[in-house]
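Student:
There are 2 protein chains.
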Amino acid sequence: MQRLHQTDTDTGDPPGYPSNAIFCRDHKGQPFTFEAYLEIVRAFHGHVAPGLVIGGRMVACGMDMLPPGIIFDACCETGNCLPDAVQILTPCTIGNGWLRIVPLGRFAVSLFDKHEGEGVRVAIDSRRLAAWDEIAAWFLKLKPRAEQNAERLLQQIRRAGDDLYRTARIRMQPELLVKEHLGRNRICPICQEYYPAKHGALCRGCRDESPYLEARDDPEVRRVRKTAANA
Amino acid sequence: MQRLHQTDTDTGDPPGYPSNAIFCRDHKGQPFTFEAYLEIVRAFHGHVAPGLVIGGRMVACGMDMLPPGIIFDACCETGNCLPDAVQILTPCTIGNGWLRIVPLGRFAVSLFDKHEGEGVRVAIDSRRLAAWDEIAAWFLKLKPRAEQNAERLLQQIRRAGDDLYRTARIRMQPELLVKEHLGRNRICPICQEYYPAKHGALCRGCRDESPYLEARDDPEVRRVRKTAANA
């Protein structure tokens, strides 16, 4: 499998990074140049978000460190951008349950053996950020978005390559390796929809957790809710 | 824009549903036959999950009910399968923040004007499920997976079309329309990584919320953690 192109850490402007160099790759080993990856990002995410570009390299870095052929799950420590890099380059998605988000607010992703829990973590290295002023300005919100130079930011991400990241071997907490089973469904007496019986006598949506504005003061709904609560 | 093919609710086996009929479409109006959609599902999700097939039709149903040209966000009431249908057919993804998951355990998705909060909700209709025995067996886990007939299940989903769903106009809770801003970052004194300053003196990962098994009893980490907690 082709490894990622190693770049220098020079901060000067002349590229020196050939435009046909491999920037990242997917789990099948399919390599992408920087431009090719930007196209995929645009198609999936709607726009070229810097975090998703950085994320692509981080995910590819992580995959390079895993034993070949391993079946892995992914964990993102932020819900911003990074999960989409995982979904673009790996088989792990939010909907198939192989990607989870633990909202710690750190820009880090881990990939690990889905049964044993052993794997790698790739994170932005705070000590290396200073060498890339446009990346630092964006990541640390040092200047308003209108003053950021989007093209210069992208080129720094491209040229930084692996220089921006720290990696570590990790092992997941055992409880995170266990798939939650929803068990049997039952019909909610208020909305008449199926929901996991283990949630209780009413579905969560009819128990004040609804994301919708509803006729909560409807007397009939109040009556059913009260009866169910006393059951 | 081409509307979805309306199917009959007949439960007999002869298809009567032409294989070139449109099963669902994406937000740009690009139509997909059932087979074409299955191919996309396989590529993104790894396998043809029945919930994701059903979800594709639900999302397309919802989009048909929105005013043309509306910029919408999405909300899934379950994290299982359905979010991937949203990510495949709309610009809303977990990483760009236009898709959120509210874990109510109901198989329902809503699409709504991202500013005003008005939109539609599409859910499995519990009363109509009985007419489709293989779908009911899968959805309600009435028989072990080994006894389910995967091909018959898929064909029932295809033939059911819109007959399986209930739809409603909804309006989102105003607090769900407000984007959470993470604000300034600071460096965590333990892991030396950036995290949202508003999380407190230590990042959540160093405050017992880490998904990783770590040397929690390291005396130096204990000392820093104690100092930070008293700060």
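Protein sequence lines, in the order shown, are assigned to chains D and U. All residue numbers for the first sequence refer to the numbering used here, where the first residue is 285 and numbers rise by one. All residue numbers for the second sequence refer to the numbering used here, where the first residue is 285 and numbers rise by one. Idealized CB from N, CA, C, for every residue including glycine.
1. Can you look up G489/U in the DSSP assignment and give me helix, strand or coil?
2. Given a limit of 8 angstroms on CB to CB distance, which residues of the region 424–447 of chain D reach chain U?
3. In the region 424–474 of chain U, which residue ranges form an unbroken beta strand (DSSP E) of at least 3 residues, counting only runs that do not cross its ends?
4. For C308/U, which beta-bridge partners are listed by DSSP?
5. Tell me F328/D's beta-bridge partners as DSSP assigns them.
6. Mind checking R488/U: buried by the 16 CB within 10 Å criterion, or exposed?
7. Output, in chain order, the set of chain U residues within a Cβ distance shorter than 8 angstroms of Q476/D.
8. Which same chain residues end up closer than 7 angstroms to Q440/U when comparing Cβ atoms and leaving out the 5 residues on each side of it in sequence?
9. In the DSSP output, what is R405/U paired with across the bridge?
10. What is the residue span of the beta strand (DSSP E) that C345/D lies within?
11. Rounded to the nearest angstrom, what separates A358/D and F328/U at their Cα positions?
12. With three or more beta-carbon pairs closer than 8 angstroms as the criterion, would you say the region 315–329 of chain U touches the region 424–434 of chain U?
13. Do you know whose CA, among T377/U, N364/U, E402/U, lies nearest G346/U's CA?
14. So A481/D packs on R450/D, CB below 8 angstroms; how close in whole Å?
15. If we ignore side chains and look at the alpha-carbon of each, how far apart do R470/U and N364/U end up?
16. Counting only Cβ pairs nearer than 8 angstroms, list the residues of chain D close to K487/U.
17. Have a look at Q457/U and C360/D and give me their C-alpha separation to the nearest angstrom.
18. Anything in chain D within Cβ reach of D368/U, meaning under 8 angstroms, just list it in chain order.
19. Would a C-beta distance cut-off of 8 angstroms place L395/U and A369/U closer than the cut-off?
20. Pop quiz: V393/D and V343/D are said to be a contact at Cβ under 8 angstroms. What is the actual Cβ separation, rounded to whole angstroms?
21. For I484/U, which of P495/U, R309/U, C472/U, L460/U has the nearest alpha-carbon?
22. For I355/U, which of F391/U, D397/U, I378/U has the nearest alpha-carbon?
23. In the structure shown, what three-state DSSP assignment does P375/U receive?
24. Between which residues of its own chain and C308/U is the CB-CB distance below 6 angstroms, once the five residues before and five after are set aside?
25. Give a yes or no on whether the C-beta atoms belonging to L438/U and R412/U are separated by under 8 angstroms.
26. If contact means a Cβ-Cβ distance below 9 angstroms, which residues of the region 308–338 of chain D contact chain U?
27. For V404/D, which of A452/D, I474/D, N380/D, E319/D has the nearest alpha-carbon?
28. Chain D partners of I306/U, CB-CB under 7 angstroms?
Tutor: Judging by the given coordinates:
1. helix
2. L424, K425
3. 449–455, 469–471
4. F316/U
5. Paired residue(s): none; F328/D is not in a bridge.
6. buried
7. S410, R411
8. W416, E418, I419
9. S394/U, A452/U
10. Unbroken run through C345/D is the alpha helix (DSSP H), 334–349; no beta strand (DSSP E).
11. 15 angstroms
12. no
13. E402/U
14. About 45 angstroms; that fails the 8 angstroms criterion.
15. 34 angstroms
16. This sequence places Cys at residue 487/U; Lys is not what is there. Chain D residues near C487/U: L388, G389, R390.
17. 27 angstroms
18. T377, I378, G379, N380
19. no
20. 6 angstroms
21. Checking the sequence shown, residue 484/U turns out to be Gly, not Ile. Of P495/U, R309/U, C472/U, L460/U, the residue nearest in Cα terms is C472/U.
22. D397/U
23. coil
24. F316, Y321, G340, R341, A344
25. no
26. F328, H329, G330, H331, A333, G335, L336
27. A452/D
28. None at all; the shortest Cβ gap to chain D is about 22 angstroms.
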